[in-house]
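Enquirer:
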Amino acid sequence: MQMLNIIKKSPYETSSLSNCLKYIKTGDVILFTEDGIYAAKKGGMFEKFVSDVSQTCSIYYLFPDTEARGIKSDEIISIAKPVDYQGFVALVANSSKSITW
Amino acid sequence: MKFGILIKESPYNFQAFDTAYNFVKAAIEMGHEIIGIFFYDDAVYAGNKYLEPPQGDRNIKSYMDDLKSRGVRLVVCVAAGKRRGLTQDTVSESAEISGLGQLLELSIESDRLVTF
Amino acid sequence: MEDQKSKAKIMFLCKTAPYGTIYEQEVIEAMIMFSSYEQDIRVAFIGDGVFSLKKGQNPSLINIKNFAQTYLVLIDDFEVSHLYVEKESLDERGMKEEDLLTEVEVLQRADLISKIDEMKVVLPF
């Protein structure tokens, strides 16, 4: 069963994203929350890494966190899907476990 | 489904408490059960009964009371708490002070444990 | 076997270096407590977490307790039989197996991923 990987720190400041990418398996899920959402911003230096991993994993972002930061949906890489808190809960429920990196 | 929640980060340095709070409310609305929130590391500060934020600030204490009123058990780690001045006398009414055994229990009893 | 099955598999995933934050000190307290309850407890050191096992730590000059010694106690006196260190994280940081303060299982990342996969709960620190 898929594992949920939660990234809540900015990839510009911590190794949360890079650690996650080292451990993620095909079929796993990534959810960007809090400052982690900057990883999924178009034109940023991590866009490529997120696009690459999206070939084998599904990518979500917590919409209230992008909205709060003035990052509009069209500024987030298009492969990433928005979820609200209920969507976050559903991702946890549908995964065997979660790791917060 | 039964969820256990671990919060590790300080409510006055990070967004972790807020995200957990919103997550827990959503989970309850969806009919899930939150079997407990364990506060560890600097997250224990959320259980301080003397928190007095300025008017208009987010109010951690009232969020804690709200969670409690929704039937959520709020457990502040005794070891991490003591170190930071949180004891039976200083912990808020909505929270309880207990040992790390409670975190182990959440790990065992929950269907999913989520760390914030 | 029956007994083995009923134990919850819980992994502490230590990814933070010692001393600069409180995480190592407090995660050790959690490890000690968890290990006294006869569950299947694993500890994995990845990323900067591998620095926690560096030989020769002497934090007396910064007035902090030497937590590293606790790992020896954990291995000897408690039921934490599985301490894993990730080979790639050691390599990236110019560390070798001989630099570690005790004998632990050095695992390739791929093997550690399979271990993580078996766990019920992963607690990141």
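Residue numbers (the numbering used here), protein chains in the order written: chain A, 1 to 101; chain B, 1001 to 1116; chain C, 2001 to 2125. The C-beta atom is built at its ideal place from N, Cα and C for all residues, glycine as well. Computed from a predicted structure; not experimentally measured.
1. For residue 76 of chain A and residue 40 of chain A, I'd like the C-alpha separation in whole angstroms.
2. Is it true that the CB of residue 1026 of chain B sits closer than 8 Å to the CB of residue 92 of chain A?
3. Can you tell which of A:100, A:59, A:8 has the C-alpha that lies nearest to the C-alpha of residue 78 of chain A?
4. Quick check on this structure: which residue in C:2054, C:2107, C:2064, C:2074 has the alpha carbon closest to the alpha carbon of residue 2085 of chain C?
5. The segment 1083 to 1103 of chain B: which residues have C-beta closer than 9 Å to a C-beta of chain A, in chain order?
6. Going along the chain, which residues of the segment 1007 to 1024 of chain B sit with their C-beta nearer than 9 Å to a C-beta in chain C?
7. Can you tell me whether DSSP reads residue 1009 of chain B as helix, strand or coil?
8. Under 8 Å Cβ to Cβ from residue 2002 of chain C, same chain only, skipping five residues before and after it: list those, please.
9. Go ahead and pull the three-state DSSP assignment for residue 2112 of chain C.
10. Kindly indicate if chain A contains any beta-carbon less than 8 Å away from that of residue 1043 of chain B.
11. State yes or no: is the beta carbon of residue 1116 of chain B nearer than 8 Å to at least one beta carbon in chain A?
12. Helix, strand or coil for residue 2124 of chain C? Go by DSSP, reduced to three states.
13. Got a sec? Which residues, its chain only, sit under 8 Å from residue 2062 of chain C by beta carbon, not counting five neighbours each side?
Expert: So, from the listed chains and residues:
1. Each residue's Cα considered, the two are about 6 Å apart.
2. no
3. A:59
4. C:2107
5. Taken residue by residue, none of the segment 1083 to 1103 of chain B has a beta-carbon sitting less than 9 Å from a beta-carbon on chain A.
6. 1008
7. Correct three-state label for residue 1009 of chain B: coil.
8. Confidence in residue 2002 of chain C is poor, its pLDDT being 45 and thus under 50, which makes the residue's placement unreliable; the coordinate value appears in the next sentence. Around residue 2002 of chain C: no qualifying Cβ.
9. helix
10. Residue contact check for residue 1043 of chain B against chain A: no CB pair falls below 8 Å.
11. Answer yes: the Cβ-Cβ gap between residue 1116 of chain B and chain A drops below 8 Å somewhere.
12. strand
13. 2019
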